[in-house]
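One line per chain: the protein sequences are A and B, in this order. Per my numbering, the very first residue in the first sequence carries number 4; after that it's consecutive. Per my numbering, the very first residue in the second sequence carries number 4; after that it's consecutive. Beta carbons are placed, not taken as given, at the ideal position from N, Cα and C, and that holds for glycine. See below for the structure under consideration.
Number of protein chains: 2
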Amino acid sequence: MEKAPRQMLDRATWIKSATAMLADSGPEGVRVELLAKRLAVTKGSFYWHFKDRQDLLTEVLQFWKEGRIRDIIKQTQASPGREREQILHVLDVYAANRNRKGIPIELAVRDWARRDLQVAGVVAEVDATRFNQTRRLFLACGLDEAESAARSTLVYAYVFGISLLTPETLGTDAEACRRQIAELITRDLE
Amino acid sequence: MEKAPRQMLDRATWIKSATAMLADSGPEGVRVELLAKRLAVTKGSFYWHFKDRQDLLTEVLQFWKEGRIRDIIKQTQASPGREREQILHVLDVYAANRNRKGIPIELAVRDWARRDLQVAGVVAEVDATRFNQTRRLFLACGLDEAESAARSTLVYAYVFGISLLTPETLGTDAEACRRQIAELITRDLE
DNA sequence: TCGATTCAATACCCTGGCGTATGGAAAAAG
DNA sequence: CTTTTTCCATACGCCAGGGTATTGAATCGA
Chain A
4 MEKAPRQMLD RATWIKSATA MLADSGPEGV RVELLAKRLA VTKGSFYWHF
54 KDRQDLLTEV LQFWKEGRIR DIIKQTQASP GREREQILHV LDVYAANRNR
104 KGIPIELAVR DWARRDLQVA GVVAEVDATR FNQTRRLFLA CGLDEAESAA
154 RSTLVYAYVF GISLLTPETL GTDAEACRRQ IAELITRDLE
Chain B
4 MEKAPRQMLD RATWIKSATA MLADSGPEGV RVELLAKRLA VTKGSFYWHF
54 KDRQDLLTEV LQFWKEGRIR DIIKQTQASP GREREQILHV LDVYAANRNR
104 KGIPIELAVR DWARRDLQVA GVVAEVDATR FNQTRRLFLA CGLDEAESAA
154 RSTLVYAYVF GISLLTPETL GTDAEACRRQ IAELITRDLE
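Okay, here's the thing in structure tokens:
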């Protein structure tokens, strides 16, 4: 009936560390030996917990997917009548400096998806969930189907696009710029 | 005083092929031996034309930068009074299916920039040029400084973001969606 | 106490890929 | 017709990194 000493390393630990490595080195950058060194063990440990490198990557992807879906559902919960605020909240959370560490992961996964069909499928699932959740909010604000779809698309294109742009490009008044864009996207909403 | 037979392979040929390889395999994916095989020669040739792999990558980046700057200047030329059309033209060129092969390169370079300061610097230059050129157009349409900066930012965030989203997410009426977004971005312009 | 199980270390093998050194053919220069 | 220069092939050294096999040391269950 203990919990600390035994189970020194479990799959979850490897997965989290691998996710960090994915974020700043891309999928090709997650090397099992480097990972082992970072966790202060050797390959021997890794190949006990995982079948092979692909096994780890698959888990990383799954881990990411579940986290993203949980997050978007949480961020788009709105009490009736406050849908507009909720959209602004989403823009705030994803486009601003919050969620700092999420951005590199998001970008790495999306780049990964360009070269791996399985990954592309998962990203598509996440995108669909985000798109639908946000579209619901626009619909609740009185926009028609087409307009809701368009703005929802714009929300995510903007959010991911902004994280792709180099920081200096945004200039010093990034905050003001952000607010103005949010205003434009949520125009004519009740 | 001849030009055809001699100089079977020049640097430009290697650079173009490497750019293609960069587009669909990332910077780590451009291998000199693979590249040589693709050009039906061996490494021996490569190391005659280039000092090393880094030399090639540097040239690829430079090649990309010059092309992008030339392109954005061309796309943002507007005769006085037709600036709004020109903005719509930019949105059309970059967000639609045209310029198909440019998108993977753009994404690969941007991902590359996340892990290489030199690359990040070049991307920043390109971004700045694009940003300023488009901002000029908005200013000419009567928008103030802040609004012009915001919309110019939105244009590129949208353009790059849309290429990051999975195609299926956009649904079947992508064209209508595109038009609606373009309408929103160019609202209140004279 | 004593196997059985869990987790990790060590020692290998093998491949891919960078860079170098050297050789060779073909064209250009003389 | 030589000689030099240009361009590419061949062969090699080297290292990083994936995967396997084996050993070893704890811990658990009995």
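Presumed contact (8 Å Cβ cut-off) between residue i and residue j, rounded CB distance
i: residue 153 of chain B; j: residue 180 of chain A; result: 5 Å
i: residue 110 of chain B; j: residue 133 of chain A; result: With a Cβ gap of about 19 Å, residue 110 of chain B and residue 133 of chain A do not count as contacting.
i: residue 124 of chain B; j: residue 29 of chain A; result: The pair is not a contact, with the Cβ atoms about 20 Å apart (cut-off 8 Å).
i: residue 112 of chain A; j: residue 122 of chain A; result: 7 Å
i: residue 156 of chain A; j: residue 173 of chain B; result: 6 Å
i: residue 187 of chain B; j: residue 192 of chain A; result: The Cβ separation is near 12 Å, so there is no contact.
i: residue 24 of chain A; j: residue 33 of chain A; result: 5 Å
9 Å Cβ cutoff, residue i in contact with chain A
i: residue 113 of chain B; result: yes
i: residue 171 of chain B; result: yes
i: residue 6 of chain B; result: Because residue 6 of chain B sits at a pLDDT of 36, beneath the cut-off of 50, its placement in the model cannot be relied upon, and the following sentence gives the value as read from the coordinates. No, its Cβ sits nowhere closer than 9 Å to a Cβ of chain A.
i: residue 23 of chain B; result: no
i: residue 193 of chain B; result: no
i: residue 145 of chain B; result: no
i: residue 150 of chain B; result: yes
i: residue 29 of chain B; result: yes
i: residue 9 of chain B; result: The predicted model places residue 9 of chain B with a pLDDT of 48, which falls under 50 and marks its position as unreliable, so this point remains unresolved.
i: residue 2 of chain B; result: Here chain B comprises residues numbered 4 to 193, so residue 2 of chain B is not present and cannot be evaluated.
i: residue 137 of chain B; result: no
i: residue 71 of chain B; result: no
i: residue 99 of chain B; result: no
i: residue 130 of chain B; result: yes
i: residue 176 of chain B; result: yes
i: residue 168 of chain B; result: yes
CB contact below 9 Å: residue i versus chain B
i: residue 179 of chain A; result: yes
i: residue 48 of chain A; result: no
i: residue 161 of chain A; result: yes
i: residue 126 of chain A; result: yes
i: residue 16 of chain A; result: no
i: residue 105 of chain A; result: no
i: residue 78 of chain A; result: no
i: residue 164 of chain A; result: yes
i: residue 200 of chain A; result: In the structure as shown, chain A begins at 4 and stops at 193. Residue 200 of chain A is therefore absent and cannot be evaluated.
i: residue 65 of chain A; result: no
i: residue 75 of chain A; result: no
i: residue 87 of chain A; result: no
Exposure of residue i, with buried meaning 16 or more beta-carbon neighbours within 10 Å
i: residue 151 of chain B; result: buried
i: residue 81 of chain A; result: buried
i: residue 101 of chain B; result: exposed
i: residue 164 of chain B; result: buried
i: residue 120 of chain B; result: exposed
i: residue 115 of chain B; result: buried
i: residue 79 of chain A; result: buried
i: residue 149 of chain B; result: exposed
i: residue 75 of chain B; result: buried
i: residue 138 of chain A; result: buried
i: residue 175 of chain B; result: exposed
i: residue 37 of chain B; result: exposed
Closest residue to residue i among the options (Cα-Cα distance)
i: residue 140 of chain A; options: A:189, A:176, A:35 and A:177; result: A:189
i: residue 136 of chain B; options: B:71, B:172 and B:167; result: B:71
i: residue 130 of chain B; options: A:31, A:48, A:32 and A:171; result: A:171
i: residue 15 of chain A; options: A:185, A:53 and A:113; result: A:53
i: residue 145 of chain A; options: A:83, A:159 and A:56; result: A:83
i: residue 27 of chain A; options: A:40, A:107, A:103 and A:36; result: A:107
i: residue 161 of chain A; options: A:33, A:94, A:127 and A:147; result: A:94
i: residue 13 of chain B; options: B:39, B:77 and B:31; result: B:39
i: residue 185 of chain A; options: A:92, A:142, A:25 and A:128; result: A:92
i: residue 126 of chain A; options: B:167, B:126, B:127 and B:103; result: B:167
Is the segment 53-67 of chain A close to the segment 17-32 of chain A, with three or more CB pairs under 8 Å?
yes
Okay, do the segment 88-97 of chain B and the segment 36-45 of chain B touch, 3+ Cβ pairs below 8 Å being the bar?
no
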